[in-house]
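Report on the following structure.
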Amino acid sequence: MSNDTPERRLRSRDWFDNVERMDMTALYLERFMNYGVTPEELRSGKPIIGIAQSGSDLSPCNRIHIELAKRTRDGIRDAGGIPIEFPVHPIFENCRRPTAALDRNLLYLGLVELLNGYPIDGVVLTTGCDKTTPSQIMAASTVDIPAIVLSGGPMLDGWHDGELVGSGTVIWRSRRKLAAGEIDEEEFLNRATSSAPSAGHCNSMGTASTMNAVAETLGLSLTGCAAIPAPYRERGQVAYRTGQRIVEMVREDLKPSDILTREAFLNAVAAVSVLGGSSNAQPHIQAMAAHAGVRLEPGVWQDHGYDLPLLLNMQPAGKYLGERFHRAGGVPAVLWELLQAGKLHGDVLTCTGRTMAENLAGRETKDREMIRPFADPLMEKAGFLVLSGNLFDFGILKTSVISDEFRARYLSRPGEEGVFEARAIVFDGSDDYHHRINDPDLDIDEDCILVIRGSGVIGWPGSAEVVNMQPPDALIRAGTQWLPTLGDGRQSGTSDSPSILNISPESAVGGGLAWLRTGDIIRVDLNEGTCNAAVDEAEIERRLAEESIPETPTHNTPWEELFREKTGQLGEGGVMDFALKYRGTSRKLPRH
Ligand code: FES
Ligand code: MG
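For the sequence shown, the working numbering begins at 3 and goes up steadily by one.
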């Protein structure tokens, strides 16, 4: 961080106070006055603060920001800045077809252009729903102007018949109950709608809550920001203080490149592990790191996360939801545990201008049912396992959601704990899965592993949340809630399925799933970190010579084509490699 010096000229002055090109300054000035800013004010050297508005009717999880932005503007104004609010590309997680994952890199590209091409000295990133968080952080890193994350906050807790029902998680659980004949469709819908009682993003520790916790852990949000429920009084207060703080950050020239170090990303990996966070954090953290110029090899998920215990008792890995998390102290209380245990880099700089350790002072929780002590966790070794083998180079398994029943059935064979073999049932995308899963001819039993391919970055395109496939109805009725699953897509962070996913390379680019056949035996060894099909090299060669890669759908839109051309595999974050070289664009002003 460099200190404020009188000589440092804000980039916005090149637009609004350009003595050499007075004609251009005049042009830039005249329209801005339409909303109450005077030319004198714009030329006075006050910092111009962008508010990247992610809320809209097409981004309902983030809609709270339309209101919150008023408080943020007040904070900016009161601290001596000028707020300029503008929309970013909307992302509607569960409505966007073929998948919202197509839009993370699109929002990223759009926001880079806005932050670079307009007179903006610092920016408030308004985050919430899954990909709205990593995409904006990626863009702020590329441009590298002072940036702060304001989360929208989770919804209030959902209740149904006296039971907590969490976003997403209730869908996956009720889907099994529906298949078992325990509830009807009307009850299914009632449960789903009960889980979403207010404005805000998902109230479980799905991808949204995970990614906002990650933003705070990275040092990009004010302390305690991430977990405040959207409708709570404190949410408006933190919006105001975020507005004040970004003005100071501009004066201090405190940029993403000062905050987003390798240590900060390792802290994020640790946090996701002890939170029981989403498996989608893996590609998003990899992508944010790449754009921040930090090489985060995919193995860090196991090396820095697997041995950590589960500390947070929140769905889907635990019992409770967002309101209790906030009341228990939120992200700082969880990070406090990691810090005491020596598992957090406390000396990293954060957006508060202080170190993470300083931010966490006095943040121990008083609710030990919700946030467990490091020495007495909900589960030991509850982080992520990274697997590889003849089917793929990279796959990840979130162990905090592996149920006791699943462990007993698949991972507890005497002498071979952590190892199982299963017969593959291979599906080509989710339509194929839905059409055939209940087909009695497939003869699916407890010794099977459900495999889905064609659901990766290129194949879908975008990479779909489909790997949490449930067993056939008949098997569920007989008491089997989960079969092992494997796939080159992702799954919802709210899912409790023990899946091996985010597989790279995917089948569409010739990964091993392309030659896998129904009936092949797959051996998974969690101790060795391997997943192999019992198919020898000669047979693989024969199949590859005989068969072509299963067909992928054609492009539907120009962006799909460009996305497929430029986007890499999930194991490395699904980033567009060519974009990485543009880090620090704000250091060179765009021409007039
Ligand atoms: Fe938007 Fe969960 S679907 S936050
Ligand atoms: Mg999702």
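Just so you know, even glycine gets a beta-carbon here, dropped at the ideal spot from N, CA and C. Computed from a predicted structure; not experimentally measured.
Legend entry - Simplified DSSP state of Arg544, which is helix, strand or coil: Under the three-state reduction of DSSP, Arg544 is assigned to helix.
Legend entry - Residue span of the beta strand (DSSP E) that contains Phe376, given as start and end: Segment: none, Phe376 is in no beta strand (DSSP E) and carries neither H nor E.
Legend entry - Per-residue burial, Lys257 [other beta carbons within 10 Å of its own, 16 or more giving buried]: buried
Inset, instruction - Using three-state DSSP, classify Thr219 as helix, strand or coil. - result: helix
Inset, instruction - Please work out which residues of its chain come closer than 7 Å, Cβ to Cβ, to Glu325, disregarding the five sequence neighbours upstream and downstream, and give them in chain order. - result: Leu158, Asp159 and Pro231
Legend entry - Segment limits, alpha helix (DSSP H) that includes Ser259: Pro258 to Ile261
Legend entry - Contact under 7 Å by Cβ, Asp132 with Thr219: no
Inset, instruction - Look at the Cβ atom of Gly431, then the Cβ atom of Ser457, and state whether they are nearer than 7 Å. - result: Their beta carbons are under 7 Å apart, which means Gly431 touches Ser457 by this criterion.
Inset, instruction - For Leu518, count neighbouring Cβ atoms within 10 angstroms of its own Cβ and tell me buried if that reaches 16, exposed if not. - result: buried
Inset, instruction - Please confirm if Glu22 has its CB atom under 7 Å from at least one CB of chain C. - result: Although the question refers to chain C, the structure presented lacks it and comprises just one protein chain.
Legend entry - Environment of His594 [buried if 16+ CB atoms lie within 10 Å]: exposed
Inset, instruction - Within its chain, find whatever has a CB closer than 7 Å to the CB of Pro89; leave out the 5 residues flanking it on each side and keep chain order. - result: Gln55 and Ser58
Inset, instruction - Give a single yes or no on whether Cys131 has its beta carbon closer than 6 Å to a heavy atom of the ligand FES. - result: yes
Inset, instruction - Classify Tyr322 as helix, strand or coil using the three-state DSSP reduction. - result: strand
Inset, instruction - On a CA-only basis, which of Gly164, Val21, Gln138 and Gly331 is nearest Gly112? Give me that one, please. - result: Gln138
Legend entry - Residues near Ser223 by beta carbon distance below 6 Å, same chain, minus five either side: Val151 and Ala217
Inset, instruction - Could you have a look at Glu165 and say whether DSSP puts it in helix, strand or coil? - result: Secondary structure of Glu165 (DSSP, three-state): strand.
Inset, instruction - Starting from Leu116, follow the alpha helix (DSSP H) in both directions and report where the run begins and ends. - result: Ala103 to Gly119
Legend entry - Reduced DSSP category for Met213 - H, G, I as helix; E, B as strand; rest coil: helix
Legend entry - Heavy atom of the ligand FES within 6 Å of Ala359 beta-carbon: no
Legend entry - Assumed close pair Val333, Ala241 - CB separation to whole angstroms, cut-off 8 Å: At roughly 17 Å, the Cβ-Cβ gap does not stay under 8 Å, so Val333 and Ala241 are not in contact.
Inset, instruction - Indicate, with yes or no, if the ligand FES has a heavy atom lying under 6 Å from the CB of Ala201. - result: no
Inset, instruction - Take the Cβ of Phe580 as the centre, count every other Cβ of all protein chains shown within 10 Å, and call the residue buried at 16 or more, exposed below. - result: By the neighbour-count definition (other C-beta atoms within 10 Å, threshold 16), Phe580 is an exposed residue.
Inset, instruction - Flag this pair as yes or no: are the beta carbons of Gly576 and Thr569 separated by less than 7 Å? - result: yes
Legend entry - C-beta atoms of Ser169 and Thr212 nearer than 7 Å: Here Ser169 is not near Thr212, since their CB atoms are 7 Å or more apart.
Legend entry - Those runs of the beta strand (DSSP E) which lie wholly inside the segment 23-71 and span at least 3 residues: 50-55
Inset, instruction - Quick one: grab the DSSP three-state call for Pro560. - result: helix
Inset, instruction - My understanding is that Trp484 touches Thr101, with C-beta atoms under 8 Å, so please give their C-beta distance in whole angstroms. - result: Incorrect: roughly 23 Å between the Cβ atoms, too far for contact.
Legend entry - Alpha-carbon spacing of Thr244 relative to Lys72, whole angstroms: 12 Å
Legend entry - Contact check, Leu488 vs Val511, beta carbons under 7 Å: No, they are not a contact pair.
Inset, instruction - Look at the alpha carbon of Phe599 and the alpha carbon of Pro285, and state the distance between them as a whole number of angstroms. - result: In the structure as shown, the chain starts at 3 and stops at 594, and residue 599 therefore has no counterpart that could be examined.
Inset, instruction - Helix, strand or coil for Thr7, going by three-state DSSP, please let me know. - result: Confidence is the limiting factor: at Thr7 the pLDDT is only 48, short of 50, which leaves the residue's position unreliable, though a coordinate-based value still follows. If DSSP states are grouped into helix, strand and coil, Thr7 belongs with coil.
Legend entry - Per-residue burial, Asn269 [other beta carbons within 10 Å of its own, 16 or more giving buried]: buried
Inset, instruction - Could you tell me if Ala424 is buried or exposed, where buried requires 16 or more neighbouring beta carbons within 10 angstroms of its beta carbon? - result: Only buried fits Ala424, as 16 or more other CB atoms lie within 10 angstroms of its CB.
Inset, instruction - Using three-state DSSP, classify Thr554 as helix, strand or coil. - result: coil
Legend entry - Outcome for Cys450 when other beta-carbon atoms lying within 10 angstroms are tallied against a minimum of 16: buried
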